[in-house]
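Numbering (my numbering), first residue to last: 14 to 400.
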């Protein structure tokens, strides 16, 4: 009963954050997906991912999250949107700003690199303290590799690593190409290589420190990055189609999302990415089946989101605030999930969940401020600017 109430409250909060201050778009708007609106959606999805992480953590402890398990199945959709929006934003800026590549390292890569290492050292310090308290042993090599980010002390830091790899690849490719389609095709090839590496890497043997590309999350959403790039390239034509066939696309994508959700839940229940541990005859084929279905699922979901955004303009100060710290929220959430777990044991989900959310937001805000100091930026938490 408590978990059911918690689910309804979480959904209500997400809905309120997303749609408060929203308005109907005018017929003459040429573009309905831009850096500002996509960043605001990412802010809401960062809160969603917090709920998702909490449920995943409870499952890992063999605890029944009840109806809160709703959030378990949709983490991939939230992350898919992050990759899609990133790919879209990069190509859109490159096409409209001829000097965009200049200063790209500082403007984009360092924006991820700095908070990544801040969060990495927080997790590493925590791990070493636990090492002393619980008399566990980390080898010298593990500590050194973790210090430089080659090992991930917390595997949820994977997103920052992967997006930095994509940013570096974008910087190299789009500094040379003259036409966007050529760059998009090369980036698609790079993404496919990364997906193959992840597909063949399996899972980590330890829950403490992990190599890169260990786990299906490294490759089951990343393809939306070049999809976002392609949308930026063909935005005008795609938007025209959506306007002309709005009702048909909305109904078709809605129905397909429901159907894909049903298929996806069935695949997850079969542990489709983990069948090598059940001595399956063809575990790679099982992973490809999961990857193929999830890729279609994510595409359909993104079509639905863009179609809705063609008629609805969202935007409010809370969205913008969450959008600013979305990366830091994703990276620091597991710290609060672990450190505040005693609240779950004492008081249950009703106290634990809001405490984790509040703690994560505070920590993420502090890291965001430190990042801006390091990068000498003046953008504040509440100034409404998208950086």
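For every residue, glycine included, the Cβ atom is placed at its ideal position computed from N, Cα and C.
The alpha helix (DSSP H) enclosing residue i, as first and last residue numbers
| i | result |
| --- | --- |
| residue 303 | 296–322 |
| residue 17 | 15–32 |
| residue 109 | 88–109 |
| residue 171 | 171–187 |
| residue 238 | 237–246 |
| residue 234 | First-last for residue 234: undefined, no H or E at that position. |
| residue 355 | 354–360 |
| residue 212 | 193–214 |
| residue 114 | Run containing residue 114: none; DSSP gives neither H nor E here. |
| residue 156 | 153–160 |
Any chain B beta carbon closer than 7 Å to residue i
| i | result |
| --- | --- |
| residue 14 | Protein chains in the displayed structure number just one, and chain B is not present. |
Reference residue i, options the options, closest by Cα
| i | options | result |
| --- | --- | --- |
| residue 299 | 309, 280, 310 | 280 |
| residue 374 | 45, 61, 51 | 61 |
| residue 71 | 384, 347, 43 | 347 |
| residue 98 | 58, 259, 196, 83 | 58 |
| residue 127 | 344, 354, 356, 196 | 344 |
| residue 100 | 349, 193, 25 | 193 |
| residue 90 | 237, 383, 42 | 237 |
| residue 289 | 271, 216, 364 | 216 |
| residue 131 | 157, 195, 161, 153 | 161 |
| residue 173 | 275, 230, 185, 330 | 230 |
| residue 88 | 307, 360, 330 | 307 |
| residue 259 | 312, 207, 317 | 317 |
| residue 157 | 133, 169, 328 | 133 |
| residue 253 | 44, 29, 28 | 44 |
| residue 365 | 78, 262, 110 | 78 |
Reduced DSSP category for residue i - H, G, I as helix; E, B as strand; rest coil
| i | result |
| --- | --- |
| residue 326 | strand |
| residue 51 | helix |
| residue 38 | coil |
| residue 137 | helix |
| residue 165 | strand |
| residue 267 | helix |
| residue 223 | strand |
| residue 120 | helix |
| residue 76 | coil |
| residue 44 | coil |
| residue 286 | coil |
| residue 85 | helix |
| residue 390 | coil |
| residue 334 | helix |
| residue 363 | helix |
| residue 292 | coil |
| residue 228 | coil |
| residue 403 | Given a span of 14 to 400 for the chain in the structure shown, any question on residue 403 remains unanswerable. |
Anticipated Cβ contact below 8 Å, residue i with residue j, distance rounded
| i | j | result |
| --- | --- | --- |
| residue 285 | residue 81 | Not quite, the Cβ-Cβ distance comes to about 22 Å (not below 8 Å), so this is no contact. |
| residue 235 | residue 96 | 6 Å |
| residue 332 | residue 53 | 4 Å |
| residue 401 | residue 273 | The chain is shown from 14 up to 400; residue 401 falls before or after that span and cannot be answered. |
| residue 114 | residue 188 | 5 Å |
Contact test: residue i Cβ vs the ligand SAM heavy atom, cutoff 6 Å
| i | result |
| --- | --- |
| residue 318 | In the structure shown, the ligand SAM is absent, as is every other ligand, since no ligand is present at all. |
Discussion item. Pairs of beta-carbons, one from the segment 111–127 and one from the segment 174–186, closer than 8 Å: are there three or more?
Written reply: Contact holds: three or more Cβ-Cβ distances are below 8 Å.
Worksheet item: Three or more beta-carbon pairs under 8 Å between the segment 165–174 and the segment 199–210, yes or no?
Response: Judged by Cβ distances under 8 Å, the segment 165–174 makes no contact with the segment 199–210, as fewer than three pairs qualify.
Worksheet item: Three or more C-beta pairs closer than 8 Å, one from the segment 332–351 and one from the segment 262–274: is that the case here?
Response: no
Worksheet item: Are at least three pairs of beta-carbons, each pair with one atom in the segment 308–327 and one in the segment 34–53, less than 8 Å apart?
Response: yes
Discussion item. Three Cβ pairs or more, each shorter than 8 Å: is that satisfied between the segment 361–381 and the segment 53–67?
Written reply: yes
Worksheet entry | At least three beta-carbon pairs within less than 8 Å, the segment 101–111 to the segment 237–249 | yes
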